[in-house]
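Note sheet for the following structure.
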Amino acid sequence: MRDYRLIFISTAARFFLLPPGILHIAMRLFCWSPRWLIFKLAVYSLSVPIFWSVIQLARRFYHQNQANRLGAQIIPIVRGRQIGNIDVMMRLMKGFKNGYVGETLCELFDEYGDVINTRILFEDQIFTRDHEIVRFMLVTGFSHFGKGESLKSRNASLFGNGILNSDGDAWKMLRGPSTQRHFSAIDPLIIARDRINDLDYLTRHSDELIDVALSVSARGDAFDAQDLFQRFTFDSAFEFLFGVGDVGTLGLPLPRPRYQEDGPDDTAPRKTSPTPGDVYSGFSRAFDDAKVLIQMRGRWGRHLWPLFEMTGDKTKEHVDFIRGRIRPLIQEALEKKRRARQCTVPPHHPPKADTLLDHLVSGRDDESVILDELVNYLIAARDTTASLLTFVTYTLALHPDIMARVREEVLSRCGVQGVPTFHDIKQMKLLRACIYETLRLFPPVPVNERATVDDCVFTPSAGAPPLFIPSGVPVVYSTLLIHRRKDLWGENAEVFDPFRWIDGPERSTGSGSAKFLPFNSGPRICLGQQFALNEASFLMIRLLQVFDKFTIAQAEAAAPSAVPPSHWKEGVGRRASEQVWPQTAFTLYSKGAFGRLKDIECHRFIGILRGFGATDVHFEA
Numbered sequence: 001m002r003d004y005r006l007i008f009i010s011t012a013a014r015f016f017l018l019p020p021g022i023l024h025i026a027m028r029l030f031c032w033s034p035r036w037l038i039f040k041l042a043v044y045s046l047s048v049p050i051f052w053s054v055i056q057l058a059r060r061f062y063h064q065n066q067a068n069r070l071g072a073q074i075i076p077i078v079r080g081r082q083i084g085n086i087d088v089m090m091r092l093m094k095g096f097k098n099g100y101v102g103e104t105l106c107e108l109f110d111e112y113g114d115v116i117n118t119r120i121l122f123e124d125q126i127f128t129r130d131h132e133i134v135r136f137m138l139v140t141g142f143s144h145f146g147k148g149e150s151l152k153s154r155n156a157s158l159f160g161n162g163i164l165n166s167d168g169d170a171w172k173m174l175r176g177p178s179t180q181r182h183f184s185a186i187d188p189l190i191i192a193r194d195r196i197n198d199l200d201y202l203t204r205h206s207d208e209l210i211d212v213a214l215s216v217s218a219r220g221d222a223f224d225a226q227d228l229f230q231r232f233t234f235d236s237a238f239e240f241l242f243g244v245g246d247v248g249t250l251g252l253p254l255p256r257p258r259y260q261e262d263g264p265d266d267t268a269p270r271k272t273s274p275t276p277g278d279v280y281s282g283f284s285r286a287f288d289d290a291k292v293l294i295q296m297r298g299r300w301g302r303h304l305w306p307l308f309e310m311t312g313d314k315t316k317e318h319v320d321f322i323r324g325r326i327r328p329l330i331q332e333a334l335e336k337k338r339r340a341r342q343c344t345v346p347p348h349h350p351p352k353a354d355t356l357l358d359h360l361v362s363g364r365d366d367e368s369v370i371l372d373e374l375v376n377y378l379i380a381a382r383d384t385t386a387s388l389l390t391f392v393t394y395t396l397a398l399h400p401d402i403m404a405r406v407r408e409e410v411l412s413r414c415g416v417q418g419v420p421t422f423h424d425i426k427q428m429k430l431l432r433a434c435i436y437e438t439l440r441l442f443p444p445v446p447v448n449e450r451a452t453v454d455d456c457v458f459t460p461s462a463g464a465p466p467l468f469i470p471s472g473v474p475v476v477y478s479t480l481l482i483h484r485r486k487d488l489w490g491e492n493a494e495v496f497d498p499f500r501w502i503d504g505p506e507r508s509t510g511s512g513s514a515k516f517l518p519f520n521s522g523p524r525i526c527l528g529q530q531f532a533l534n535e536a537s538f539l540m541i542r543l544l545q546v547f548d549k550f551t552i553a554q555a556e557a558a559a560p561s562a563v564p565p566s567h568w569k570e571g572v573g574r575r576a577s578e579q580v581w582p583q584t585a586f587t588l589y590s591k592g593a594f595g596r597l598k599d600i601e602c603h604r605f606i607g608i609l610r611g612f613g614a615t616d617v618h619f620e621a
C-alpha cells in the first residue's frame, strides 16, 4: 500500500507549484518578467486559481462534448454558495453526524433529481437513489465499475487487500470460479456447504445470550441489546468461520448504563479475571472505532482526509489490536500445515478442511494475505447480522400485534423449547417477512460506492434522458433511500408492513431485484446472505420462545446524546415517530443501546431492553 501522506504531499505540490512553474517557463520563453517583486508574487499567486479554473472549464467542455456525442446529458451539479461547494460538504457532514440517516441526501435528491453531482472541491462525486442506475452499476454494466482507487485507499488500513477492498483480477482470484474455490477461500457457505444446516453452534451461543439477559433481569440492571447481538454474531462467526468455539465475549462484563460512548457498541477491554473471552474483549470497539474513522475519511474527500492524519494513521492502534488477536490463529494453522508436510508416513492425507481458515491455509502460505481475508470475512459476518437483529427487534417492539402473530407462528412450529431446524426456518413465512421488511427499512449497508473505470452512459428510470459520467468518478448509491421510495413501494413505503411480502406484489421480489438490494446484486452479490438470514432467524426464534412482549419507552439509562433530538418530531416520515437514532459506519447501527430486565416473579420475567438508542424494551416471559 502506498503512503497516503506522500500522495497528499505530491497532490498539494502539484496543485500549488505546477501553475507557477508553467507560468515561469512561459515568461522565460517570451522574455518577460514583472519589474516589481510584489507584482511578480501577485502574478504567481493568481496563476493557481486561474490555471485550475481553465482546466476545470476545459474538462467540463470536453465532458459536454462527449455527452453530446453519446446522446446523453450531464448529471445535474449541486450549486453551493461557497467556492468548491465547501458549504455542501459541511452540510453533508453535519447531516451524517447530527441528522437522521440519509435525510440530507434526500433533501438534495428532492431538489435536483435522483442523480446528482456534488462536485465538492471541484471533484466530481455522484450520488444516486435511482434503482435502475444502481442495477446498471451492479449487474448489466458491471464491467464499467470497480471499487475505485479513492475508496480502496481510505479502506486499505482496515481491509487491506481482502475481497471487500479488491478490484479486477485480484478480486476475481479471491472470489474465484468454481474450479478455484478451494484455493481462493470462497465464502464458507459455498466451501463448507455441508455445515449450512449445522445449527448446534447457534444453539449454544443463543442460549448463552438468553442466559445473560435473564441473569441481568434478576439483578434489575441495564444492558445494551445491540452490544449483546454483536457479541453473539462475533462468537458465532468465529466458530463457524475459524473453528474457535471458546471466544466467550458473551461472558464478558456488560457496559454500564449512562456511561456508553456514542457508537455502534461498547464491548471495550476491561480488567477482569482471565477468561477465554478476554483475548477478544476489545474486538467490537476496535472494529467500530476503525470503521468510524474510515467513514470520516470518505466524508472529507480523497484530497483532504490525509491532511488530518499527517501525524500518523489514526486507525493503526485499532487495526493492530484486531490483527494481533487473529495472527496467532493463522500462525498455529500454518505451523500445523508445515508439520503435516513433514510427515514421513506415506501416503500423507491432509486433514479435512472444515473452516474458512483451513481452506485459506491449505491454498497459500502468505500470512498477510490470509490475515486480510480473515478480517474481511469477520467484519462481514459480524456487523451485518448484528445490525439486522438490532432493527428486527426494534421494529417488532414498535408493533406488538405483529410480534404476537410471529410468536404464535414460532410456537406452533417449535414449541417453547424445540430447537429450530433449517427446515423450520424456511416454513416460518411471517418471521421471514418481518426480516425482509426490516432489511427494506433498515438495510445493514445503507450506503455503498463504486467508481467508473471508463466513460459510460446511465439510463435512469421513468424514461428520463441518458446521463453521461466520465471515467474515474466515484458513484455513491443509497440502498436505504431506494428502499423507502414511495413510487417504488407505495405511499406506505416508510411504514413497517411485513404483510407486503406475503400478500402484496413484493412477495416475488427477492434479493437482487432492482428495487431491493440488502445483499447487493450481480457478480458481487453477498455470498453470505443465506447464512445471515438463517442466523438472524434462528436467534429471533429462540428469543420469541422465551419472551412474549417487547415494549418501548424512553430510556433513562441511555446516554442523553443517544436520544433522538426533540425537533425530529416536527418533521415528516419516519423521523417524526422514530424512537431510535440510526447512524452508519459501513453498516447501519443504533446510536446508544442500553436496557434493563427485571425479575418480578419466580418464573416470570419482565425487563427493559434499551437497545436502539433512546428506548426501553420490556421482555416478558
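Going by the UniProt record's numbering, 9 is the number at position 9 of the sequence shown; the sequence numbering is gapless.
We put the CB at the ideal spot given by N, CA and C, even for glycine.
Just so it is clear, the structure is predicted and the values come from calculations on it, not from any experiment.
Would you kindly work out how many angstroms separate the C-alpha atoms of E149 and D372, rounded to a whole number?
-> Straight-line Cα distance between these residues: approximately 18 Å.
In the DSSP assignment, find the unbroken beta strand (DSSP E) run with L467 in it and report its ends.
-> Here the beta strand (DSSP E) through L467 covers L467 to I469.
Give me the Cβ distance between M93 and R299, rounded to the nearest whole Å; I'm assuming they're in contact under 8 Å.
-> M93 to R299, Cβ: 5 Å. Contact.
What are the boundary residues of the beta strand (DSSP E) that N448 is part of?
-> V447 to T452 is the extent of the beta strand (DSSP E) around N448.
Determine the closest residue to T384 out of C434, Y112 and F531, with distance taken between C-alpha atoms.
-> Among C434, Y112 and F531, the Cα nearest to that of T384 is on F531.
Please specify which runs of the alpha helix (DSSP H), each continuous and at least 4 residues long, are wholly inside the segment 35–98, giving them in chain order.
-> As summarised for the segment 35–98, the continuous alpha helix (DSSP H) elements at least 4 residues long and confined to that stretch are 37–69 and 86–98, given in chain order.
Selected residue, minimal CA-CA separation from N117, among V88, T140, H144 and E132 | Selected option, being the one with the closest Cα: V88.
Does the segment 158–168 come within contact of the segment 540–550, defined as at least 3 CB pairs closer than 8 Å?
-> They do not touch, by the three-pair rule.
Which residues bound the beta strand (DSSP E) around Q583?
-> Q583 -> beta strand (DSSP E) spans P582 to A585.
Provide the residue(s) that pair with V476 in DSSP beta bridges, ordered along the chain.
-> Its beta-bridge partners are F127 and E449.
Element boundaries [alpha helix (DSSP H), containing V101] = From DSSP, V101 is part of no alpha helix (DSSP H); its letter is neither H nor E.
Quick one: complete alpha helix (DSSP H) runs, 4+ long, within the segment 351–429?
-> Runs found: 356–363, 367–398, 400–414 and 422–427.
By Cβ distance below 7 Å, which residues in the same chain neighbour F8 in space, the five residues on each side in sequence not counted?
-> Closer than 7 Å at the Cβ level, and outside the excluded window around F8, lie P306 and L307.
Hey, how far is the Cα of residue 644 from the Cα of S362?
-> Outside the shown range of the chain, which is 1 to 621, sits residue 644, and nothing can be said about it.
Cβ shell of L357 (< 6 Å), same chain only, five flanking positions each side left out | Correct list, in chain order: F242 and A333.
N-terminal and C-terminal residue of the beta strand (DSSP E) that V563 is part of | Where V563 is concerned, there is no enclosing beta strand (DSSP E), given that its DSSP letter is neither H nor E.
Taking V115 as part of the beta strand (DSSP E), name the residues at either end of that continuous run.
-> Where V115 is concerned, the enclosing beta strand (DSSP E) stretches over V115 to N117.
For the segment 561–569 against the segment 226–239, are there 3 or more C-beta pairs whose distance is under 8 Å?
-> Result no; under three Cβ-Cβ pairs closer than 8 Å.
Provide the residue(s) that pair with L241 in DSSP beta bridges, ordered along the chain.
-> Looking at the DSSP output, L241 bridges to nothing.
Reference K152, options E449, I75 and L329, closest by Cα = Ranked by how close their Cα comes to the Cα of K152, the residues E449, I75 and L329 have E449 in first place.
Is it buried or exposed for A397, if we count other Cβ within 10 angstroms and need 16 for buried?
-> Under this definition A397 is a buried residue.
Looking only at its own chain, which residues have a Cβ that is under 6 Å from the Cβ of H63, when we skip the five neighbours before and after it?
-> Spatial neighbours of H63 in its own chain (CB-CB distance under 6 Å, excluding positions within 5 residues in sequence) are listed in chain order as P470.
Residues bridged to G301 by DSSP?
-> Looking at the DSSP assignment, G301 forms no beta bridge with any residue, so it has no partner.
With distances taken from CA atoms, which of H303, K316, G301 and M310 is nearest F287?
-> Out of H303, K316, G301 and M310, K316 has the C-alpha closest to the C-alpha of F287.
Pick from R575, Q579, S590 and K591: whose alpha carbon is nearest that of A106?
-> The amino acid at residue 106 is misidentified as Ala; the sequence shows Cys. In this structure, R575 is the residue among R575, Q579, S590 and K591 with its C-alpha nearest to the C-alpha of C106.
Apart from the five residues just before and just after Y201, which ones in its own chain have a Cβ nearer than 8 Å to its Cβ?
-> Closer than 8 Å at Cβ, skipping near neighbours: S236, E239, F240 and G245.
Using alpha carbons as the reference points, say which of T421, K97, S215 and F15 lies closest to N534.
-> Measuring C-alpha to C-alpha distances from N534 to each of T421, K97, S215 and F15 identifies T421 as the nearest.
Can you tell me whether DSSP reads C106 as helix, strand or coil?
-> Helix.
Taking the continuous alpha helix (DSSP H) assigned at F321, which residues delimit it?
-> Where F321 is concerned, the enclosing alpha helix (DSSP H) starts and stops at K316 to R341.
Does DSSP put C456 in a helix, in a strand, or in coil?
-> The answer is strand: DSSP assigns C456 an E or B state.
What is the DSSP secondary structure of G573, counted as helix, strand or coil?
-> Correct three-state label for G573: coil.
Distance between beta carbons of Q66 and P474, contact taken as under 8 Å = No, P474 and Q66 are not in contact; Cβ-Cβ is about 18 Å, not under 8 Å.
Rounded to a whole number of angstroms, what is the C-alpha to C-alpha distance between H399 and D497?
-> Going from the Cα of H399 to the Cα of D497 covers about 10 Å.
Integer Cβ distance of P460 from D130, believed to fall under 8 Å = Right, their Cβ atoms sit about 5 Å apart.
With DSSP run on the structure shown, which of helix, strand or coil describes L588?
-> Correct three-state label for L588: strand.
Going by other Cβ atoms of all chains shown within 10 Å of its Cβ, with 16 needed for buried, is T203 buried or exposed?
-> A residue is called buried when at least 16 other Cβ atoms come within 10 angstroms of its Cβ; T203 does not meet this threshold and is exposed.
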